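Asker: If you count the sequence shown from 1, position 32 lands on 32 in the UniProt record's numbering, and the numbers rise without skipping. Note that CB positions come from ideal geometry on N, CA and C, so glycine has one too. What you are looking at is a predicted structure, and each value in this text was computed from that prediction instead of being measured.
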Amino acid sequence: METIAVSNKTVATDAQTAAQAVVASVAGADAAAAGTAALVKANTYTINNTSTSSQIAAYYAAQAVAADAKTAALVANATVTTVKSAAQAAAAVFDKYVTIAAQKATAATATKNAVSSRFNDTSISKVYSLYNSALSQAEFMKDRFVIMDVLGDDTIFRSKVTGSGLKYGAAYYPNLKTVLNYDFNEAEVLVTGVSGIASLEDLKYSNSDLYNQAKNAIASKQVIMAPSSAMAGVYAKVDGTAGVFKAPANVGLNYVVAPTEKISQERQDGLNVDVVAGKSINAIRTFTGKGTMVWGARTLDGNSNEWRYVSVRRFFNMVEESVKKSTERFVFEPNTANTWIRVQTMIENFLNQQWRDGALAGSKPEEAYYVSVGLNKTMSAQDILEGRMIIEVGMAAVRPAEFIILRFSHKLQEA
């Protein structure tokens, strides 16, 4: 697990700059003077209650490098060179954070550019290329989920969507007939067959009867909508009313007359289970007395016992991001038992609330989750020596007897 807001390139860069500034200050007649110089430089960075994330990161980075320099200066036979080497080693950690942040920024930019370049290109190959880019980004970032439409038919879809990030996406089929009308500008609606009239706006003032007929004809054409937009709304609704752990299925769609294709049970079975590649496609169906319903809740990784369901993948996304963000504040704490207990208790309290809300299986907490952190549990003596705090979290989101395990690692720096 990364630390010090590694997902924010600006914050990471400011921390790196402060660390390098302390390294540059290491100089003097002897090791003691060099260590003092580093501390003096670090103390030029200050924080208060109104400090920004960048200022806080810079402060702690400077203090961390100075602390290592000062410690190196106290070693027997220390020299200015050894003190500077210690400072450089400490600063190198912050170089890594900038690299990680840059990778994330590059991935986000790549997808943004792909969307921009393909916005007006509806060719199937271009759209599926975009889907694959989005899935790759979701797998890299681990904090997002891709909702896709099936272009062409399910055979084409399954052959075009590839990669290792299938568990981070879901597909829905077919398109939807809605009660919505197309929005249009009368001046831009071309009129043919009427002498001297170029647009619907012109027709309005020259032939009101024909104008009204044209307006009624346009109004009769209702919007055919791709299902992904409706499903984004369903996800948000279910998240808000029940929770991320609830499957976004068996939910009615508002303003929808019917799917463009009537899906039979046999047809749905073929969409839901792909015996070859496991790329499940969720059907949207119409039922008498119920209306149009979302009738599937699988990811594209349908052959995976762990990640075949949308709700499980998205719930783990939420938990992983929540735990990452909440434990970042322990980065500069001592890597000792007291810190481990605080981290474990905080995460257990969070997971206990998720269990009480019904997000985790099991009749008692120990059947629903576990949190482990500590020496000879998740870390070796070498891990502690190198400043790593490794946290392991297991959750029974599917069956009480089966845990899905997440591991987080913090690189600690003591100020």
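Alpha carbon to alpha carbon, how far is VAL244 from ASN282? Give it in angstroms, no decimals.
Answerer: Numbered from its first residue, the sequence shown carries residue 282 at position 282. Numbered from its first residue, the sequence shown carries residue 244 at position 244. Using only the alpha carbons, I get a separation of about 18 angstroms.
Asker: What does DSSP give as the partner residues of LEU176 in its beta bridges?
Answerer: For the purposes of this step, residue 176 is taken as residue 176 along the sequence shown, with counting starting at 1. Answer by DSSP bridge pairing, in chain order: MET225, PRO259.
Asker: Which residues bound the alpha helix (DSSP H) around SER322?
Answerer: What you label residue 322 is simply residue 322 of the sequence shown in a count that begins at 1. Taken as a continuous stretch (DSSP letters only), the alpha helix (DSSP H) holding SER322 covers 310-327.
Asker: How is PHE287 classed by DSSP in three states: helix, strand or coil?
Answerer: Your numbering for residue 287 matches position 287 in the sequence shown. Note: PHE287 maps to strand in three-state DSSP.
Asker: For ASP149, does the three-state DSSP call read helix, strand or coil?
Answerer: The sequence position of residue 149 within the sequence shown is 149, counting from 1. Of the three classes helix, strand and coil, the one that applies to ASP149 here is strand, per DSSP.
Asker: Spatial neighbours of SER25 within its chain, please: C-beta separation below 8 angstroms, excluding the five flanking residues on both sides.
Answerer: Taking the sequence shown and counting its residues from 1, one reaches residue 25 at position 25. Closer than 8 angstroms at the Cβ level, and outside the excluded window around SER25, lie ALA37, ALA38, VAL40, LYS41.
Asker: Given a cut-off of 7 angstroms, decide if ALA138 and VAL146 are closer than it, judged by their beta-carbon atoms.
Answerer: Locating residue 146 in the sequence shown gives position 146, where the first residue counts as 1. Locating residue 138 in the sequence shown gives position 138, where the first residue counts as 1. Cβ atoms of VAL146 and ALA138: closer than 7 angstroms.
Asker: Taking 8 angstroms as the limit between beta carbons, can you name the residues of its chain near VAL234, skipping five residues before and five after?
Answerer: Here residue 234 corresponds to residue number 234 of the sequence shown, with the count starting at 1. Same-chain partners within the cutoff: PRO248, VAL251, LEU253, VAL294.
Asker: Which residues in the same chain have their Cβ closer than 6 angstroms to the Cβ of VAL371, if we skip the five residues on either side of it in sequence?
Answerer: Translated into the one-based positions of the sequence shown, residue 371 becomes position 371. Here the set comprises GLN344, ILE347, GLU348, VAL393.
Asker: Does the distance from the C-beta atom of ALA34 to that of VAL83 stay below 7 angstroms?
Answerer: The residue given as residue 34 occupies position 34 in the sequence shown. The residue given as residue 83 occupies position 83 in the sequence shown. Cβ distance < 7 angstroms, so ALA34 and VAL83 count as in contact.
Asker: Can you name, in chain order, every residue of its own chain whose Cβ lies under 6 angstroms from the Cβ of SER322, other than the five neighbours on each side?
Answerer: Within the sequence shown, residue 322 is the residue found at index 322, counting from 1. Once the five neighbours on either side are set aside, SER322 has no close Cβ partner at all.
Asker: Take ASN272 and list the residues in its own chain whose beta-carbon comes closer than 8 angstroms to its own, dropping the five residues that flank it on each side.
Answerer: Translated into positions along the sequence shown, residue 272 becomes position 272. Same-chain partners within the cutoff: SER280, ILE281, ASN282, ALA283, GLY296, ARG298, GLY302.
Asker: Would you mind working out which of ALA32, ASN77, GLN16, ASP95 sits nearest TYR59, comparing C-alpha positions?
Answerer: One-based indexing of the sequence shown puts residue 59 at position 59. If we check each option's Cα against that of TYR59, GLN16 comes out closest.
Asker: State buried or exposed for ILE224, treating a residue as buried only when at least 16 other CB atoms are found within 10 Å of its CB.
Answerer: The residue you call residue 224 lines up with position 224 of the sequence shown. Exposed, since its Cβ has fewer than 16 Cβ neighbours within 10 Å.
Asker: Taking Cβ to Cβ, would you say TYR172 is nearer than 7 angstroms to PRO227?
Answerer: Working through the sequence shown from its first residue, we reach residue 172 at position 172. Working through the sequence shown from its first residue, we reach residue 227 at position 227. Cβ distance < 7 angstroms, so TYR172 and PRO227 count as in contact.
Asker: Quick one: residues in its chain with C-beta nearer than 8 angstroms to the C-beta of ALA86, no 5 flanking neighbours on either side, listed in chain order?
Answerer: Counting from 1 along the sequence shown, the entry for residue 86 is found at position 86. Cβ within range, chain order: ASP68, ALA69, THR71, ALA72.
Asker: Can you say whether GLU188 is buried or exposed, counting buried as having 16 or more other CB atoms within 10 angstroms of its CB?
Answerer: The residue given as residue 188 occupies position 188 in the sequence shown. The residue in question, GLU188, is exposed, as its Cβ has fewer than 16 Cβ neighbours within 10 Å.
Asker: Could you tell me the distance, in whole angstroms, from the CA atom of MET204 to the CA atom of TYR211?
Answerer: Position 204 of the sequence shown, counted from the start, is the residue given in the question as residue 204. Position 211 of the sequence shown, counted from the start, is the residue given in the question as residue 211. A quick correction: the sequence has Lys, not Met, at residue 204. About 5 angstroms.
Asker: Hey, TRP307 and LYS142: beta-carbon distance below 7 angstroms or not?
Answerer: Taking the sequence shown and counting its residues from 1, one reaches residue 307 at position 307. Taking the sequence shown and counting its residues from 1, one reaches residue 142 at position 142. Not in contact: TRP307 and LYS142 (Cβ atoms no closer than 7 angstroms).
Asker: With burial defined as no fewer than 16 other Cβ atoms inside 10 Å of the residue's Cβ, what is the status of GLY291: buried or exposed?
Answerer: Here residue 291 refers to the residue found at position 291 when the sequence shown is read from its first residue. Exposed, by the Cβ-count rule.
Asker: Looking at the unbroken beta strand (DSSP E) that takes in SER372, where does it start and where does it end?
Answerer: In the sequence shown, the residue the question calls residue 372 occupies position 372. Segment 369-373, the beta strand (DSSP E) holding SER372.
Asker: So what does DSSP say about ASP14, is it helix, strand or coil?
Answerer: As a working note, residue 14 is residue 14 in the sequence shown. Correct three-state label for ASP14: helix.
Asker: Select from ASP149, PHE157, ILE124, GLY169 the residue whose C-alpha is nearest the C-alpha of PHE140.
Answerer: For the purposes of this step, residue 140 is taken as residue 140 along the sequence shown, with counting starting at 1. Residue GLY169 is the option with its Cα nearest to PHE140.
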